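Chemist: All residue numbers for the sequence shown refer to my numbering, where the first residue is 16 and numbers rise by one. Each residue gets a CB set at the ideal place from its N, CA and C atoms; glycine is no exception. Source: prediction; values computed, not measured.
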Amino acid sequence: MIIVRSIEEFPAGLPSPVVTIGNFDGVHRGHREIFRRVREAAATRGGTSVVITFEPHPLTVVPSSRRISLITTTAEKEALIGAAGIDCLLVIPFTPEFARQSAREFVTELLVGRIGVKQLVIGYDYAFGRNREGGIDLLAELGREFGFELVVLHPIGDKGHVFSSSEIRRMVREGDVDRVVPLLGRHFSLGGRVVHGQHRGASLGFPTANVATDHDLLPADGVYAVKVLVAATPYDGACNIGTKPTFGEGSRAIEVFLFDFQGDLYDRELRIFFIERLRGEVTYPDAEALRRAIAADVARCREILGATTLRDWAPETVVTA
């Protein structure tokens, strides 16, 4: 996949571009269905499939009462879109100046003038441009004026449940990481680097890796059964997210204990796949009570993860549209 990071650098002369536009946070099952249709339409025309997205997310630039925690980082989103088989990804820097551009200007200058769009595929509720003025009616009018076809997709879901980034964010924030899989199409995961902590896990007999991450969205505090990739090697594990109230530390941290792992993890990159939440965070009366609780958590995690096969979570099998 070609990734272009500014409008000015978009390559001229791509054959019969079929384009879709959106934020595509999470690259969930609904997004991947859109990409599939764009790919198929481009293939029918002997053309090029093009996805346009924005960086940063518009809600972080345009004044809004909504604070958004993104499901994926920019790098993850780009990798997932590439895995969906798209030919070209245009990542537009979203600035206050760009936000003031009218929908007509966006279509005439970018979609028509720069890209040469032949078909535009959008969701039923999509709108863009200044004050979200670029809705279906205006796009249909511009399509007739400039000779591109507009395809409007109905809500995409399964068994009456529409795939939604907002719903996925809510589920993750509430710790419903197992229920998010049918919407996201894969287990929620985050990447991070192992940093030094207080070494309390080791003193309890369960040496944990403290993980620093750039992810905005974290699951609810508590204990989770997880799969962890260290380089290309998978491990089962238990993960705690929280403030470690038994020790009164107060700062939120991500700690993961890898079963049957030997070696040094400091400064290494991990990817944690959240399979199931066991419980919320609990304050224990003393370190021994906490140690017994961790031992019980580990035993339960082993049971859960023993029934989870690679095809249920492995990234190479879950990012394909």
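Using 10 angstroms around the beta-carbon of residue 174, count the other beta-carbons present and answer buried if the total reaches 16, otherwise exposed.
Modeler: Residue 174 comes out exposed.
Chemist: At what residue ranges does the segment 153–223 contain a whole run of the alpha helix (DSSP H), taking only runs of 4 or more?
Modeler: Whole alpha helix (DSSP H) segments, 4+ residues: 180–188, 196–199 and 215–218.
Chemist: Please identify the residue among 82, 244 and 102 whose C-alpha is closest to the C-alpha of residue 337.
Modeler: Because residue 337 is not part of the residues shown, which for the chain are 16 to 336, the question remains open.
Chemist: Rounded to whole angstroms, what's the CA-CA distance from residue 170 to residue 136? Just pull it up for me.
Modeler: Each residue's alpha carbon lies about 13 Å from the other.
Chemist: Note down the Cα distance separating residue 116 from residue 24, rounded to an integer number of angstroms.
Modeler: Looking at the two C-alpha atoms, the distance is approximately 19 Å.
Chemist: Can the beta-carbon of residue 206 be found closer than 8 Å to that of residue 267?
Modeler: Contact flag unset, no.
Chemist: Quick one: what's residue 89 bridged to in DSSP?
Modeler: Paired residues: none, contrary to the question.
Chemist: Can you give the beta carbon distance from residue 18 to residue 95, rounded, assuming they're within the 8 Å contact cut?
Modeler: Contact flag wrong, Cβ pair sits at about 13 Å.
Chemist: Hey, how far is the Cα of residue 26 from the Cα of residue 129?
Modeler: For residue 26 and residue 129, the distance between alpha carbons rounds to 8 Å.
Chemist: Is the distance from the Cβ of residue 40 to the Cβ of residue 179 below 8 Å?
Modeler: The answer is no: Cβ separation not under 8 Å.
Chemist: Helix or strand or just coil, what does DSSP make of residue 271?
Modeler: Of the three classes helix, strand and coil, the one that applies to residue 271 here is strand, per DSSP.
Chemist: Tell me the rounded alpha-carbon separation between residue 246 and residue 283.
Modeler: If you take the alpha carbons of residue 246 and residue 283, they lie about 8 Å apart.
Chemist: In angstroms with no decimal places, state the Cα-to-Cα distance between residue 306 and residue 192.
Modeler: Cα-Cα distance, rounded: 25 Å.
Chemist: Would DSSP call residue 228 helix, strand or coil?
Modeler: Correct three-state label for residue 228: coil.
Chemist: For residue 196, which residues from the same chain have a beta carbon less than 7 Å from its beta carbon, with the 5 sequence-adjacent residues on both sides left out?
Modeler: Same-chain partners within the cutoff: 202.
Chemist: Using CA coordinates, which residue listed in 47, 319 and 190 is at the minimum distance from residue 66?
Modeler: The option with the nearest alpha carbon to residue 66 is 47.
Chemist: So who's on the other strand from residue 242, going by DSSP bridges?
Modeler: According to DSSP, residue 242 bridges with 251 and 288.
Chemist: Could you give the distance in angstroms between the alpha-carbon of residue 34 and the alpha-carbon of residue 153?
Modeler: Straight-line Cα distance between these residues: approximately 17 Å.
Chemist: Rounded to whole angstroms, what is the Cα-Cα separation between residue 189 and residue 234?
Modeler: Approximately 7 Å, taken between the alpha carbons.
Chemist: What runs of the beta strand (DSSP E), each 3 residues or longer, lie entirely inside the segment 114–160?
Modeler: With a minimum length of 3 residues, the continuous beta strand (DSSP E) runs that stay inside the segment 114–160 are 134–138.
Chemist: Under 6 Å Cβ to Cβ from residue 309, same chain only, skipping five residues before and after it: list those, please.
Modeler: So the list reads 221, once near-sequence residues are dropped.
Chemist: Pick helix, strand or coil for residue 69, following the three-state DSSP scheme.
Modeler: Strand at residue 69.
Chemist: Take the Cβ of residue 21 as the centre, count every other Cβ of all protein chains shown within 10 Å, and call the residue buried at 16 or more, exposed below.
Modeler: Exposed: under 16 other Cβ atoms inside 10 Å.
Chemist: Determine the closest residue to residue 230 out of 194, 269 and 199, with distance taken between C-alpha atoms.
Modeler: Of 194, 269 and 199, the residue nearest in Cα terms is 269.
Chemist: Just reading off the alpha helix (DSSP H) that residue 305 is part of, what are its end residues?
Modeler: Per DSSP, residue 305 belongs to the alpha helix (DSSP H) from 302–321.
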